[in-house]
Structure formats: structure tokens, C-alpha cells
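A.B. asks: This structure is in C-alpha cells; I'll ask about it shortly.
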Amino acid sequence: MASSSASLAFFAISMVLLSSVALATDFVVGDDKGWTLDFNYTVWAQDKVFRVGDNLLFNYDSSKHNVVKVSQTEFHDCSSTAANDVFSSGKDGITLKSEGRKWYICGKGNHCSNHQMKLVINVESAAPAPAPTSSAPSLVASLSAGALIVAGAAILA
Ligand SMILES: *[C@@H]1O[C@H](CO)[C@@H](O)[C@H](O)[C@H]1NC(C)=O
Ligand SMILES: [Cu+2]
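Quick note, the sequence shown lines up with residues -24 to -1, 1 to 133 if you use mature numbering (1 follows the signal peptide of the UniProt record, and there is no 0).
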């Protein structure tokens, strides 16, 4: 009896955790073309909804390009300073951590100014779900769900 209700709880909580993980979307910037010259990233972004928790994946040749997170003004001017975050692995995953507009450019050569190597997106709040509105309760819920799974697995073993 105790064992079957524990396994039911185990299953239900696992599904909740799996579905919350599945809500985050990975966006491959530029799709098959990746992060490169003369690709219109405004067009790429315009039909997409970016949400907090989603990831941008920049794929590119690290000997030719990089990714610099910039301000709106820097985006407009295609400029950056040492204070900007620079990504240069050629396979950079950037998690969207907050709402609002985010600007990225390539900092190499004149790729931004002459080759449209710039991306601006608007990040919306996390996916609407029967989930809490702030991240603190959801962390607590995840932790307690994790503890229940461990307990459920122990009972089943
Ligand atoms: C990208 O495409 C949009 C929509 O067609 C256009 O308005 C914009 O000027 C293009 N950007 C460049 C740099 O060509
Ligand atoms: Cu570049």
C-alpha cells in the first residue's frame, strides 16, 4: 500500500520535473548558417518568442568571429569596451536570465557595421505555466520534489 502510493508520487513528481525542464527552449542563432557574415538576424529573430530560461546557442568559426554582449547604444554604433562580456569558444550557450531587450554583436573586424553581424532580441517572462510567478518558490518546490523522489526511490528499492 505505502509502496504503491509512493510509486505514484514518484511518477507524478517526475513528470512535473520533466515538463518544467522541457519548457526551456534552445535557439540556434542563424539556424544552419550559425553566427556569420551577411545573415539578417533581425529576420531570424522576428518570429520567435524568447523567454527567461531559454538558451541562445551561437555556433561559429572561433578564428573569425566572437560574440559580445553589448548595450543598445553599442549595438547601434557597433562598438564595445573591455567591460562587455565576450564569448569566443565558437560554440557558446547563453542562458537568458532576465526579461527585456538583449543586444549581441560580433566584435571582429567590421562584421557588425558592414556585415549585419548583430542580434537584438526581446526576452519575455518565463513560459506561462501553472507555475509560481517568482523563481524562489519554484526552487523550493524542485528541491522538495527531489527529496521526495529520493524517498520514493528508496521505498521502491
Ligand atoms: C533585415 O531584414 C529586415 C526585414 O526585411 C529589413 O528591414 C532590414 O533592413 C534588414 N537588415 C539589413 C541590415 O539589411
Ligand atoms: Cu564576425
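Where a beta carbon is used, it is the ideal one built from N, C-alpha and C, also for glycine. All figures in this text were calculated on a predicted structure; none of them were measured in a lab.
#1: Just checking Val19 against ligand 1 - is the residue's beta carbon closer than 6 Å to any of the ligand's heavy atoms?
#2: Can you tell me the Cα-Cα spacing of Lys67 and Lys84, whole angstroms?
#3: Spatial neighbours of Trp20 within its chain, please: CB distance less than 8 Å, with the 5 preceding and 5 following residues excluded, ordered by chain position.
#4: Verify the contact flag: Asn90, CB atom, against every heavy atom of ligand 1, threshold strictly below 6 Å.
#5: How far does the beta strand (DSSP E) with Tyr36 in it extend, from its first residue to its last?
#6: Considering only their Cβ atoms, is the gap separating Thr1 from Asp23 smaller than 7 Å?
#7: If you follow the alpha helix (DSSP H) that Asp53 is part of, which residue opens it and which one closes it?
#8: When the Cβ atoms of the region 87 to 94 are set against those of the region 42 to 61, are three or more pairs found closer than 8 Å?
#9: My output table needs one value for Thr12: the three-state DSSP class, helix, strand or coil.
C.D. replies: Based on what the coordinates show:
#1: yes
#2: 16 Å
#3: Val5, Gly6, Asp7 and Leu95
#4: no
#5: No beta strand (DSSP E) holds Tyr36; DSSP gives it neither H nor E.
#6: no
#7: Gln48 to Asp53
#8: yes
#9: coil
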